[in-house]
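Visitor: Take the position in the sequence shown, starting the count at 1, then add 192; the result is the number in the working numbering. Please see the structure below; I have some questions.
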Amino acid sequence: MPTSVMWFRRDLRLGDHPALLDAVAAGPDGVVPLFVLDDTLWTRNASTRVAYLSRLLAELGDRIGGLHVVHGDAASEVVRVARQVDATSVHVSADFAPYGSRRDDAVEKALREHDIDLVRTGSPYAVAPGRITKDDGSGYRVFTPWFRAWQQHGWRAPARTADDVPWLRPDGRTHRIPDAAVPAGLELPPLGEQAALERWHAFLDDDVADYDTTRDLPGPDRTSRMSVHLKWGSVHPRTLLADLAPLRSSGADAYQRELGFREFYADVLHQRPDSAFGYYNRTFEQMEYDPPGDDLDAWKEGRTGIPIVDAGMRQLKGEGWIHNRVRMIVASFLVKDLHLEWQHGARHFLDLLVDADIASNQHGWQWVAGSGTDASPYFRIFNPMTQGKKFDPDGTYVRRWVPELADVPSRHVHTPWEMAEPPAGYPAPIVDHAEERTESLRRYDAIRDAR
């Protein structure tokens, strides 16, 4: 009887998992539950993400009696494991990110030399990147027409759960997942497939109906918190879309749109892999930027003297997550108040976010910076004080993360420097927003006139 290998990556679940179903069908005599520790992704800099992933792998391993974990180059290790159990096929959910695509191509080539198939089934998306195109076959650059085409295309129903999988370990034992310390002061979010589904159903019961009006408010935080589960595949977006389908509310519509943005950015990155770290709109390469220095450190540490910015950056360190509205505010402050290139902020987010998705993160930053697809116009510069007053009017969010401002009256919580006696221990603003806005527009005018 044949065996197979199920190579887990960003699909750490058992339900709604077409690749796992294919692995079971191809390996009735045994399926190896493989995970490869890849030094390119398992890095010291990404300590928050690695700490979460190590615990997520342990949780999945406990559910199935242990993962078979190996460490090294995937092209070598996947072949070695497959040959060790005489597997005829290795099964994966297709990876469309630049690094993952190159890695999988290398593994496929290495497996082919031993007459072993790499079988790609499904992906982390409801609709695989590259599937939605214009009539001429080219990709979309603007979200709204892409979103209409995505909805019209549709997606498959959730797959059934694989039952009674004949798990197989090549040497009769599992391998220990390396310990990964949780950074000081960080509280990791709940993890695993069961936690994802529980959180999702609670959101459906309590918050989805008015999500369109509450999603921008960081104080009550009534968002779904599903981004980390989507990142690691504890749940598939197809499952969420199936649950949203019968709902008739503006909140459910708004949530589907947010899922669409995730898939749109994956599609854009698939079209333009260079935009992971380079400018989608290369005109912005000519912009005058400042070198990173003490201002970047102040931004990272949440001590800019701008309350809503500092609250967001401290939430990032404390939870490995930031409310989406606040992500836009802190990103705009970095690019347009501190005049730093977006890559500095995007890299910091990739290191500290538990939900760090390369496509969504990089293109979200480029949207704010004005250099991405369907980008926010560069001259749309977020005023962090105005944003704070509008979306955190009573200062609930700021006080939660900036305790130095706990006793500041609401009318001053976003502008504490206006008080006769500013709160002790909290820094003055490191920049004047009005002045930096004028400077940003000057720099933008310079590249616009040069085109």
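Even glycine gets a Cβ: it sits at the ideal position worked out from N, Cα and C. Computed from a prediction, not measured in an experiment: that's the story for all the values here.
For the putative contact between Leu597 and Pro585, defined by C-beta atoms under 8 Å, what is the C-beta separation to the nearest angstrom?
Guide: Actually they are not in contact, since the Cβ atoms of Leu597 and Pro585 sit about 14 Å apart, beyond 8 Å.
Visitor: Between Leu544 and Pro429, what straight-line distance do the alpha-carbon atoms span, to the nearest angstrom?
Guide: If I take the Cα positions, the gap works out to 23 Å.
Visitor: Report the option in Val460, Ala349, Pro499 and Asp641 whose CA atom is closest to the CA atom of His625.
Guide: Ranking the options by Cα distance to His625, first place goes to Pro499.
Visitor: According to DSSP, is His209 helix, strand or coil?
Guide: His209: coil per DSSP, three-state reduction.
Visitor: With Leu389 as the anchor, note down where its alpha helix (DSSP H) starts and where it stops.
Guide: Glu385 to Asp398 is the extent of the alpha helix (DSSP H) around Leu389.
Visitor: What is the rounded straight-line gap between the Cα of Val522 and the Cα of Pro576?
Guide: Using only the alpha carbons, I get a separation of about 8 Å.
Visitor: Check whether the Cβ atoms of Ile369 and Leu461 sit closer than 8 Å, and answer yes or no.
Guide: No, the pair does not count as a contact, with Cβ atoms beyond the cut-off.
Visitor: In the DSSP output, what is Pro225 paired with across the bridge?
Guide: According to DSSP, which records beta bridges pairwise, Pro225 is partnered with Met198.
Visitor: Is His536 near Tyr457, with beta carbons less than 8 Å apart?
Guide: No, they are not a contact pair.
Visitor: With H, G and I counted as helix, E and B as strand and the rest as coil, what does DSSP make of Ala373?
Guide: In this structure, Ala373 counts as coil in the three-state DSSP scheme.
Visitor: Cα-Cα, which of Asp599, Val277, Ser632 and Arg629 is closest to Ala616?
Guide: Taking only the C-alpha atoms, the option nearest Ala616 is Asp599.
Visitor: Do you know how far the Cα of Ala388 is from the Cα of Phe453?
Guide: The alpha-carbon atoms of Phe453 and Ala388 are separated by roughly 20 Å.
Visitor: Would you list the one or two residues that DSSP bridges to Arg312?
Guide: Per DSSP, Val284.
Visitor: With distances taken Cα to Cα, identify the nearest neighbour of Ala434 among Arg517, Arg449, Thr406 and Ala349.
Guide: Ala434 has its Cα closest to that of Ala349, out of Arg517, Arg449, Thr406 and Ala349.
Visitor: When you compare the CB positions of Asp404 and Gly443, do they come within less than 8 Å of one another, or not?
Guide: It is a contact, given that the beta carbons lie within the stated cut-off.
Visitor: Which residue from Asp231, Asp355, Ile514 and Asp529 puts its Cα closest to that of Ile256?
Guide: Checking every option, the nearest Cα to that of Ile256 belongs to Asp355.
Visitor: Using a Cβ-Cβ cut-off of 7 Å (strictly less than) and excluding sequence neighbours within five positions of Ala250, which residues of its own chain qualify?
Guide: Same-chain partners within the cutoff: Ile369.
Visitor: Can you tell me which of the three DSSP states Arg347 falls into?
Guide: The residue you asked about is not Arg; residue 347 is Trp in the sequence shown. Here Trp347 sits in coil by DSSP.
Visitor: Express the C-alpha separation of His515 and Leu409 in angstroms, rounding to a whole number.
Guide: Looking at the two C-alpha atoms, the distance is approximately 8 Å.
Visitor: If the criterion is Cβ atoms closer than 8 Å, does the pair Val282 and Leu310 meet it?
Guide: Yes; because the gap between Cβ atoms is below 8 Å, this pair is in contact.
Visitor: Whose C-alpha, out of Asp637, Asn473, Trp491 and Arg202, is nearest the C-alpha of Gly564?
Guide: Nearest of Asp637, Asn473, Trp491 and Arg202 to Gly564, Cα basis: Asn473.
Visitor: Mind listing, in chain order, the continuous alpha helix (DSSP H) runs of no fewer than 4 residues lying wholly within the region 431–475?
Guide: Correct list: 442–463.
Visitor: Going by DSSP, which residues form a beta bridge with Val262?
Guide: Its beta-bridge partners are Val228.
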